[in-house]
Structure formats: C-alpha cells, structure tokens
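Here the numbering used here is used: the sequence shown runs in plain steps of one and ends on residue 178.
No residue lacks a Cβ here, since even glycine has one placed at the ideal position from N, Cα and C.
Presented below is the structure to which this report refers.
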Amino acid sequence: MTAIRISVSTQMDGVTYSIAPGFKELLRKLFPKARPANTLFVSYDTSSDFEKSMGKMEPHIVPALLGVSDAEAHAKIDVIEFVDPVTDKVLRKVQP
Numbered sequence: 083m084t085a086i087r088i089s090v091s092t093q094m095d096g097v098t099y100s101i102a103p104g105f106k107e108l109l110r111k112l113f114p115k116a117r118p119a120n121t122l123f124v125s126y127d128t129s130s131d132f133e134k135s136m137g138k139m140e141p142h143i144v145p146a147l148l149g150v151s152d153a154e155a156h157a158k159i160d161v162i163e164f165v166d167p168v169t170d171k172v173l174r175k176v177q178p
C-alpha cells in the first residue's frame with residue numbers, strides 16, 4: 083500500500099502543509115516529472131476568501147503540494163493522511 087503523510091501545522095496566521103523528505107523521494111519515484119513542494123502555507127485570509135467563492139480549499143492542497151494532478155495522485159497513491167506533526171494524530175484521510 084502506498085501512503086503519503088502530509089503534516090498540518092497551525093500557525094498564528096494560517097496553516098502550513100508539508101511532506102517529509104522520505105515521502106518526497108517516494109513521489110519522485112512514482113511521478114518522475116512531478117515537482118513536489120517542501121511546504122505550502124495558506125493564510126487564514128486566503129483560505130476564507132477562497133472558500134467563499136470556490137468551495138473548500140483542502141482538495142487543492144494535495145495537487146499543489148505533491149506537484150501532480152488529483153487523478154494522477156489517486157492512480158498511484160492508496161491513501162493520503164493529513165497528520166498533526168506534534169501528536170502524530172491522523173487528522174483526515176483521503177482515499178480514492
């Protein structure tokens with residue numbers, strides 16, 4: 083089973099999403115042309131404005147952070163876990 087863990091760190095003015103270096107290497111093997119980001123910061127203001135006009139932001143986090151489309155990710159990744167890096171608690175799971 084291929085699983086990716088995305089750390090979700092709450093800041094004073096937003097949320098930082100990140101992937102560990104080991105998962106970045108796995109992504110490079112699964113998707114050679116992908117350019118995954120180390121981190122992605124979304125301010126609360128941006129999130130609020132986006133959600134008013136476009137809906138939930140979370141579905142857009144995965145493709146932006148992993149550097150592949152949602153369809154590509156779900157074709158090769160079995161589960162994506164959003165995890166609190168302090169407690170290691172799984173906050174949410176996304177499965178195709």
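Mapping DSSP to helix, strand and coil, what is residue i?
i: THR128; result: helix
i: SER135; result: helix
i: ALA157; result: helix
For residue i, which beta-bridge partners are listed by DSSP?
i: ARG110; result: Answer is none; ARG110 lacks a bridge partner.
i: ALA146; result: In the DSSP output, where bridge partners are listed per residue, ALA146 has none listed.
i: PRO163; result: For the record, residue 163 in the displayed sequence is Glu; it is not Pro. GLU163 pairs with ARG87 and LYS175.
i: GLY96; result: SER125
Which value, in whole angstroms, describes the spacing of the CA atoms of residue i and residue j?
i: ARG174; j: GLU163; result: 6 Å
i: GLY96; j: ALA157; result: 30 Å
i: SER135; j: VAL124; result: 16 Å
i: ASP131; j: PRO114; result: 34 Å
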